[in-house]
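Have a look at the structure below, then the notes.
Numbering (our numbering), first residue to last: 10 to 433.
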């Protein structure tokens, strides 16, 4: 079978190849034009910063000449890039050049590994499309560049070690009533039934109260502030989704607080749910179909899952349109764990495995229960399907299947869940 991990990576890297094949074949592709056809402009210098920081996410070139920074990235001039960076904001880094490309697109297209790595580390926006609607990841010259865009192997984005935060497991119809109640609250907020908080004010309150006060000490908050500033200025929830996809503590804290019912800043969190669940600009992203997520849970907890039992999502739930994506992340976590504890899985005294891998397949049946946010994501390779809080699923099937992502277990449990109708 070869190296399973490498095979899974190759599959993930090929997922979006169609996005770039057309653009790369075009004679006027911005990265194919000879340098002598590109004119330059001196970068506007600012007070030096340790790292580029910005309150917005993209500067559009106001002239018809390309910046020195862009050309340094295109020409693999790392010394020049490092020299210019302290004078720049992230706005400047993300600048859309007159030729319809960005510095990150250029470095990816030409395969400049060290520069791509540097730009990603400082927080360059990965979700800006070029003139052919291709993201920097799509323009990557080879798989070594694409690998820089993967999340860290220990990320819990698509793989979790417990279902406690993700959902509430109930074997009767009480969950339906709770889902109806929570959804009614969210929809009433969005419709401004009380006439106290119009949509524009929701954006402002989220940024002012929750982001700048409630979350001001979390890891990666500068990245998150950047995206929420755009959301407020443009009154567009797309930027909230982009913030949610970034690998920071934001999505973890948000989901934990939603799931546990934390009262402080509860209104602001509900505004986030309302905007993502109901804003008209996201209608085009609605998804109906199957999505996948992996978790590793205690075998005693696994016994609680029975056919016809109901689950209600208690937070936003990240899943993938491609099951091999979640297999890849599970495989990476499995290998990382084995390198720490040895080659054998942890066992009870009686010899049974303590934790089992579970592949969850969610069948989404209704509009706006889930959104396909791949092209807005900072990690487009994941093919993310974002499932809304307070969505109810029924367990339809539980079976043992053969998968490739665990070294020590030949079979894993697949749980098929189908969205219910009655709670809508």
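Glycine residues also receive a C-beta, built at the ideal position from the N, C-alpha and C atoms.
From which residue to which residue does the beta strand (DSSP E) around residue i run?
i, result
"residue 428", "420-428"
"residue 408", "401-411"
"residue 364", "364-373"
"residue 327", "326-329"
"residue 396", "393-396"
"residue 379", "379-381"
So is residue i buried or exposed if we call it buried at 16+ other beta carbons inside 10 Å?
i, result
"residue 217", "exposed"
"residue 202", "exposed"
"residue 389", "buried"
"residue 4", "Only positions 10 to 433 of the chain appear in the structure, and residue 4 is not among them; the question remains open."
"residue 328", "buried"
"residue 42", "exposed"
"residue 59", "Caution applies to residue 59, whose pLDDT of 40 falls short of 50 and renders its modelled position unreliable; the model cannot decide the point."
"residue 23", "exposed"
"residue 145", "buried"
"residue 32", "buried"
"residue 378", "buried"
"residue 97", "buried"
"residue 195", "buried"
"residue 27", "exposed"
"residue 121", "buried"
"residue 154", "buried"
"residue 139", "buried"
"residue 36", "exposed"
"residue 186", "exposed"
"residue 57", "Any reading at residue 57 needs caution, since the residue's pLDDT is 34, under 50, leaving its predicted position unreliable; the model's value is listed next. Per the 10 Å Cβ criterion, exposed."
"residue 193", "exposed"
"residue 387", "buried"
"residue 264", "buried"
"residue 242", "exposed"
"residue 21", "buried"
"residue 391", "buried"
"residue 61", "Note on residue 61: pLDDT 41, under 50, position unreliable in the model; the coordinate value appears next. Flag for residue 61 reads buried."
"residue 232", "buried"
"residue 49", "A caution first: residue 49 carries a pLDDT of 49, below 50, which makes its placement in the model too unreliable to give a value."
"residue 18", "buried"
"residue 12", "exposed"
"residue 266", "buried"
Are residue i and residue j close, meaning C-beta to C-beta below 9 Å?
i, j, result
"residue 400", "residue 383", "no"
"residue 321", "residue 184", "yes"
"residue 420", "residue 431", "no"
"residue 129", "residue 250", "no"
"residue 339", "residue 303", "yes"
"residue 131", "residue 85", "no"
"residue 149", "residue 102", "no"
"residue 316", "residue 407", "yes"
"residue 215", "residue 188", "no"
"residue 230", "residue 259", "yes"
"residue 274", "residue 228", "no"
"residue 341", "residue 162", "yes"
"residue 510", "residue 367", "Any question about residue 510 goes unanswered here, given that the chain covers just 10 to 433."
"residue 39", "residue 89", "no"
"residue 111", "residue 79", "yes"
"residue 330", "residue 393", "yes"
"residue 235", "residue 99", "yes"
Just checking my contact of residue i with residue j at CB under 8 Å: how many whole Å lie between their CB atoms?
i, j, result
"residue 376", "residue 299", "About 16 Å separates the two Cβ atoms, so there is no contact after all."
"residue 324", "residue 175", "6 Å"
"residue 143", "residue 108", "Their Cβ separation, rounded to whole angstroms, is 14 Å, which puts residue 143 and residue 108 out of contact at 8 Å."
"residue 426", "residue 402", "4 Å"
"residue 254", "residue 385", "7 Å"
"residue 16", "residue 344", "Incorrect: roughly 14 Å between the Cβ atoms, too far for contact."
"residue 423", "residue 370", "6 Å"
"residue 197", "residue 247", "In fact, because the Cβ distance is near 23 Å, the residues do not count as touching under 8 Å."
"residue 199", "residue 283", "4 Å"
"residue 404", "residue 301", "With 8 Å as the limit, residue 404 and residue 301 do not qualify as a contact, their Cβ atoms being about 15 Å apart."
"residue 34", "residue 147", "That pair is no contact at about 13 Å."
"residue 157", "residue 126", "6 Å"
What residue does the alpha helix (DSSP H) around residue i start on, and which one ends it?
i, result
"residue 320", "Not the alpha helix (DSSP H): residue 320 falls in the beta strand (DSSP E), residues 319-322."
"residue 124", "122-131"
"residue 149", "It is not in any alpha helix (DSSP H) - residue 149 carries neither H nor E in the DSSP assignment."
"residue 308", "308-311"
"residue 22", "13-23"
"residue 117", "112-119"
"residue 32", "26-33"
Would you say the beta carbon of residue i is closer than 8 Å to some non-hydrogen atom of the ligand SAH?
i, result
"residue 135", "For the ligand SAH, the structure offers nothing, since it holds no ligand at all."
- Note down, one range per segment and in chain order, each alpha helix (DSSP H) of at least 4 residues found wholly within the region 257-289. Whole alpha helix (DSSP H) segments, 4+ residues: 259-269 and 275-287.
- Can you list the alpha helix (DSSP H) stretches of 4 or more residues lying completely in the region 196-247, in chain order? Runs of the alpha helix (DSSP H) inside the region 196-247: 208-214 and 230-243.
Note down, one range per segment and in chain order, each alpha helix (DSSP H) of at least 4 residues found wholly within the region 80-108. Along the region 80-108, the alpha helix (DSSP H) occurs as fully enclosed runs of 4 or more residues at 87-93 and 99-102, listed in sequence order.
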